[in-house]
Every structure is written in C-alpha cells, then in structure tokens.
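Colleague:
Protein chains: 2
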Amino acid sequence: MNTKEGTAAIDERLISFFRDGVRLLGMPKSVGEIFGVLYASPEPLMMLDLVDRLSISKGSASQGLKMLRTLGAVREVNYDNDRKTYFEADVELKKLVGGFIREEIRPHLQSGQKKLKELECELSTINDPELREFYDERIQRLDRWSGKANLVLPLLQKFLGE
Amino acid sequence: MNTKEGTAAIDERLISFFRDGVRLLGMPKSVGEIFGVLYASPEPLMMLDLVDRLSISKGSASQGLKMLRTLGAVREVNYDNDRKTYFEADVELKKLVGGFIREEIRPHLQSGQKKLKELECELSTINDPELREFYDERIQRLDRWSGKANLVLPLLQKFLGE
DNA sequence: GGGGGTGTTCAATTTTTTTTGAACATCATC
DNA sequence: GATGATGTTCAAAAAAAATTGAACACCCCC
Numbered sequence: 003m004n005t006k007e008g009t010a011a012i013d014e015r016l017i018s019f020f021r022d023g024v025r026l027l028g029m030p031k032s033v034g035e036i037f038g039v040l041y042a043s044p045e046p047l048m049m050l051d052l053v054d055r056l057s058i059s060k061g062s063a064s065q066g067l068k069m070l071r072t073l074g075a076v077r078e079v080n081y082d083n084d085r086k087t088y089f090e091a092d093v094e095l096k097k098l099v100g101g102f103i104r105e106e107i108r109p110h111l112q113s114g115q116k117k118l119k120e121l122e123c124e125l126s127t128i129n130d131p132e133l134r135e136f137y138d139e140r141i142q143r144l145d146r147w148s149g150k151a152n153l154v155l156p157l158l159q160k161f162l163g164e
Numbered sequence: 003m004n005t006k007e008g009t010a011a012i013d014e015r016l017i018s019f020f021r022d023g024v025r026l027l028g029m030p031k032s033v034g035e036i037f038g039v040l041y042a043s044p045e046p047l048m049m050l051d052l053v054d055r056l057s058i059s060k061g062s063a064s065q066g067l068k069m070l071r072t073l074g075a076v077r078e079v080n081y082d083n084d085r086k087t088y089f090e091a092d093v094e095l096k097k098l099v100g101g102f103i104r105e106e107i108r109p110h111l112q113s114g115q116k117k118l119k120e121l122e123c124e125l126s127t128i129n130d131p132e133l134r135e136f137y138d139e140r141i142q143r144l145d146r147w148s149g150k151a152n153l154v155l156p157l158l159q160k161f162l163g164e
C-alpha cells in the first residue's frame, strides 16, 4: 500500500464519495468504502488490506467484496506472481450501476409485472361496471408504466456505459 | 370507503405493489402502503381512513402523507363540500418518481459533484507525477460520469412522464 | 500432515431506521 | 369559549439492517 505520498486526503474523499454514492443505491456504507479504497488504489489489494485500511471486521469486508463481485464492480486478479488473490475495482462505473440494475431493479420490476398480471385477472370479479372501469384504468396505467421502465433500463445502461 | 364490492383482494395487491415499489426507492413501506390505498380508492380519503385501513398509527400516516405530498405524489383536495381535508393520489407515477429524483437523487449528485471539485484541487498536492497521473485519470472518469448522470436525469423524467 | 496466512459463514450485537403513542395544535360548530 | 373531530410533533419503543467476531474451511509450502 502506498503510504509515502500525501494521498491520504484524496483517498479519504474518494472513499466518502463512494460511501454516499452507494447509499443512494441502498447499499451498506461499508460496501461503498470498500469500493472507494479499491478505486483509489493503484495496486490491487487483499481483503486484509481493506480490513486494516477501513478498520472494519473481516466479516464485513468479505461480505462487501462478495456483493461487489456479484455486481461485477470488483474482480479478483493475480498480482506480483504471488498465489494469493487480490482485488481490484472495475473503473467503469457502469459495472457498479449496471450490476445494481441487473441484480436489484430488474427482479423487482419483474415481480411487479407478475403482480400486475394477477391483478388483471382479478378485475373480472368486480360486478359494478363503473368500479371495474375505475380499477381497469388504474391497472392499465401501471402496466404502461412498467412497460416503459422495462424499455428504458437497457437504454440507460447503454448510455451510461462509456 | 367502499367495502361492499369485492375489491379487497385487488386493493391488497395494489398496496403490496406499491409497498415493494417504494422499497426500491428506499422509502419506508408505510409510505408505499399509503400511496397504494389512495391509488386504489375511487374517492379521496382522510388521514384517519388510512389509519383504519392499514392499522398504522396516526404518526406514521401523518409523516407518510407529508413525504408523499413533498414528492408531489399525493395532494389535498376538497370533497363533498365538507371542510375537512381529503387526500388523493396523483395517478401519474412520474410525480412519485420525479419527486424522488428531485428530492433525493439531485441533491446527492450535487454534493457528489462538489466533492469532485474539491478532489481536483487536491490533486496538485501530489508530487510523484506517475501517481498524480493515476489519480487524475480516476477523478476525471468520475467527472465524466457525473456529468452524464446529470444529463440523463431530465431525459429520464421526460420519458417517464407520459 | 502441521502451520501460517487467507477468506467465509453465521449467530450475536450494534446501529440505523421506522413506527408508535401521547401531548399538543388547529379549526369549524354549537 | 367549550367541544369534537382532525392533523402534527417528537421522544421512546420496536423492527430492520449492518457489523462484528469467533469458529471454520481452504490452500499452499515446508
């Protein structure tokens, strides 16, 4: 790790940048901090480096890294022809955000769409035509919306992928 | 409130739909439930209707309504030439999502951009040119990204606004 | 096959967020 | 200006989420 140069202040700011950033995505701050340390590091790091650097437990570090690897935002690398596994950040943030969209937003959207389908089936159980009309309109509205969201997500990912 | 017709099951599903939906935006489930009840109601409701319907406390209902009004997703209306205030959902979900973008995402983005500005200033304190180059590249990358995000948000809002 | 260094798992703990409830504010009506 | 029906506030309680730490698994190397 690089401790000679005066990069501590910068590292701190980068870490804080990502800590807040992942909060917006509803992830624990430790995950943001881990990503921040890796993003700010010229060399890959080992898990224990993160534990030291951030004063977090091995458990947190392990789980945070797992989450980040699932998103595709961090990967294992070989380094220094040493057999240990090191970790490095994928500098393309689209991995971070794209992974979030893939792992969090899409499943939610899908389950929402399933719920809407079920809703449509139940519509016929309403007798009063006026009331049925009312619910029909509201459910259709959600349908259109959810379709739109489905449409826009890939575009968004494309756009954000530099 | 409409209790005659067999809409309870549908209402339940709509409520659950929004409960999960707002969870994705990191809001308390009570907020989603409140919006759900209003969205599923042909008539405006009073706060105490929500308290009854959802078996939540007045405090929750009041705070949830406040949040939804801040987002612009719910508004007060007059009804039944009665002086009480009633609440109804804005059926355009863009209000809900747009409000979220305005109240949550934008401020975060702005504070992130401020952080980046500060980071750029600190770059000059690094002596080693190679290391400075490294940080410079990473920070610029964040800059580009944050600019992109700023660009895409209004487009997103426009697109989602039917 | 034992030891050192690394990462994982998960029950217990801590921290954070949400919800509650009781005291208070508002205001139309009698 | 008392009453009743509504909404608000906020400290305390409950619930949910994140973090810890200790036991365990893995794996290279001697």
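Chains as they are written, first to last, in our numbering: chain A, 3 to 164; chain B, 3 to 164. Glycine included, each C-beta is placed from N, C-alpha and C at the ideal position. Fair warning: this is a prediction, and the values are worked out from it, not measured in the lab.
Take VAL33 of chain B as the anchor and find which of B:THR87, B:LYS60, B:CYS123 has the nearest alpha-carbon.
Modeller: With distances taken between Cα atoms, VAL33 of chain B lies closest to B:LYS60.
Colleague: May I ask you to list the residues that DSSP assigns as paired with GLU120 of chain A?
Modeller: In DSSP, GLU120 of chain A forms no bridge with anything.
Colleague: In the DSSP assignment, find the unbroken alpha helix (DSSP H) run with ASN80 of chain A in it and report its ends.
Modeller: Here ASN80 of chain A belongs to no alpha helix (DSSP H); instead the beta strand (DSSP E) covers 76–81.
Colleague: Which residues of the region 110–134 of chain B have a Cβ closer than 8 Å to any Cβ of chain A? Give them in chain order.
Modeller: Flagged, chain order: HIS110, SER113, GLY114, LYS117, LEU118, GLU120, LEU121, GLU124, LEU125, THR127, ILE128, ASN129, ASP130, LEU133.
Colleague: Locate the alpha helix (DSSP H) running through ALA63 of chain A, then write down its first and last residues.
Modeller: 60–73 is the span of the alpha helix (DSSP H), which, as asked, contains ALA63 of chain A.
Colleague: Can you name, in chain order, every residue of its own chain whose Cβ lies under 7 Å from the Cβ of ARG134 of chain B, other than the five neighbours on each side?
Modeller: So the list reads LEU125, ILE128, once near-sequence residues are dropped.
Colleague: Taking 8 Å as the threshold, find out whether the region 133–152 of chain B comes into contact with the region 62–71 of chain B through three or more Cβ pairs.
Modeller: Touching, no, given that fewer than three Cβ pairs across the two stretches are closer than 8 Å.
Colleague: Does the distance from the CB of ILE103 of chain A to the CB of GLN159 of chain A come in under 8 Å?
Modeller: Contact flag set, yes.
Colleague: Return the first residue and the last residue of the alpha helix (DSSP H) that ASP130 of chain A is part of.
Modeller: First-last for ASP130 of chain A: undefined, no H or E at that position.
Colleague: Check the DSSP bridge columns for PHE89 of chain B and list the partner residues they point to.
Modeller: B:LEU47, B:GLU78, per the DSSP bridge assignment.
Colleague: Just checking: is the beta-carbon of PRO44 of chain B within a distance shorter than 8 Å of some beta-carbon in chain A?
Modeller: True, the Cβ-Cβ gap to chain A drops below 8 Å.
Colleague: With DSSP as the reference, identify every bridge partner of ASP84 of chain B, one or two as the case may be.
Modeller: According to DSSP, ASP84 of chain B bridges with B:TYR81.
Colleague: Identify whether PRO30 of chain B lies in helix, strand or coil by the three-state DSSP scheme.
Modeller: Three-state DSSP puts PRO30 of chain B in coil, outside helix and strand.
Colleague: So the candidates are A:PRO156, A:GLU122, A:PHE161; which of them puts its Cα closest to the Cα of ILE12 of chain B?
Modeller: Of the candidates A:PRO156, A:GLU122, A:PHE161, the one whose C-alpha sits nearest the C-alpha of ILE12 of chain B is A:GLU122.
Colleague: Exposed or buried, ARG205 of chain B, counting other C-beta atoms within 10 Å across all chains shown (16 or more means buried)?
Modeller: A question about residue 205 of chain B goes unanswered here, because the residues of chain B that appear run from 3 up to 164.
Colleague: Whose Cβ in chain A lies nearer than 7 Å to the Cβ of ALA11 of chain B?
Modeller: Neighbours of ALA11 of chain B on chain A, chain order: GLU124.
Colleague: Thinking C-alpha only, which one of B:LEU98, B:TYR137, B:ARG77, B:ASN152 is nearest GLN112 of chain B?
Modeller: For GLN112 of chain B, the nearest C-alpha among the options comes from B:ASN152.
Colleague: So, at 6 Å on beta carbons, what are the nonlocal neighbours of GLN167 of chain B in its own chain, with the 5 sequence-adjacent residues on each side left out?
Modeller: Outside the displayed span of chain B (3 to 164) sits residue 167 of chain B, for which this structure offers no information.
Colleague: May I have the straight-line CA-CA distance separating ASP92 of chain B from MET29 of chain B, to the nearest angstrom?
Modeller: So the two alpha carbons sit approximately 18 Å from each other.
Colleague: Less than 8 Å between CB atoms is the rule here; does MET3 of chain B satisfy it with respect to chain A?
Modeller: Residue placement at MET3 of chain B is poorly supported in this model, since its pLDDT is 45, which falls under 50; the coordinates are not used for a value here.
Colleague: Beta-carbon separation of LEU52 of chain B and ALA75 of chain B under 8 Å?
Modeller: Cβ distance not < 8 Å, so LEU52 of chain B and ALA75 of chain B don't count as in contact.
Colleague: Kindly indicate if chain B contains any beta-carbon less than 8 Å away from that of GLY8 of chain A.
Modeller: So, interface residue.
Colleague: Using the three-state DSSP reduction, which class does ARG143 of chain B fall into: helix, strand or coil?
Modeller: Correct three-state label for ARG143 of chain B: helix.
Colleague: Taking only beta-carbon atoms, is GLY23 of chain A less than 8 Å away from chain B?
Modeller: At least one chain B Cβ lies under 8 Å of GLY23 of chain A.
Colleague: Is there a Cβ from chain B that is less than 8 Å from the Cβ of ARG85 of chain A?
Modeller: No, because no Cβ of chain B sits closer than 8 Å to the Cβ of ARG85 of chain A.
Colleague: Roughly how far, in whole angstroms, is the beta-carbon of GLU35 of chain A from the beta-carbon of ARG21 of chain A, given that I think they are within contact range, below 8 Å?
Modeller: Right, the Cβ-Cβ distance comes to about 5 Å (below 8 Å), so this counts as a contact.
Colleague: Should THR9 of chain A be labelled buried (16 or more other beta-carbon atoms within 10 Å of its own) or exposed?
Modeller: Buried: at least 16 other Cβ atoms inside 10 Å.
Colleague: Indicate the three-state DSSP secondary structure (helix, strand or coil) for PHE161 of chain B in the structure shown.
Modeller: Helix at PHE161 of chain B.
Colleague: Comparing C-alpha positions only, which one of B:MET49, B:LEU95, B:VAL39 sits nearest to LYS150 of chain A?
Modeller: Considering only alpha carbons, the answer is B:LEU95.
Colleague: By the DSSP assignment, the alpha helix (DSSP H) with GLY8 of chain B in it spans what residues?
Modeller: It is not in any alpha helix (DSSP H) - GLY8 of chain B carries neither H nor E in the DSSP assignment.
Colleague: State the DSSP-derived secondary structure class of ALA42 of chain A, mapped to helix, strand or coil.
Modeller: Coil.
Colleague: For SER43 of chain B, does the count of other Cβ atoms within 10 angstroms reach 16, so buried, or fall short, so exposed?
Modeller: Its Cβ being crowded by 16 or more others within 10 Å, SER43 of chain B is buried.
Colleague: If LEU56 of chain A sits next to VAL39 of chain A, beta carbons under 8 Å apart, how far is it from one beta carbon to the other, in whole angstroms?
Modeller: At roughly 6 Å, the Cβ-Cβ gap stays under 8 Å, so LEU56 of chain A and VAL39 of chain A are in contact.
Colleague: Quick one, are the C-beta atoms of LEU118 of chain A and ASP145 of chain A less than 8 Å apart?
Modeller: Cβ distance < 8 Å, so LEU118 of chain A and ASP145 of chain A count as in contact.
Colleague: Going by other Cβ atoms of all chains shown within 10 Å of its Cβ, with 16 needed for buried, is GLY100 of chain B buried or exposed?
Modeller: The residue is buried, with at least 16 neighbouring Cβ atoms inside 10 Å.
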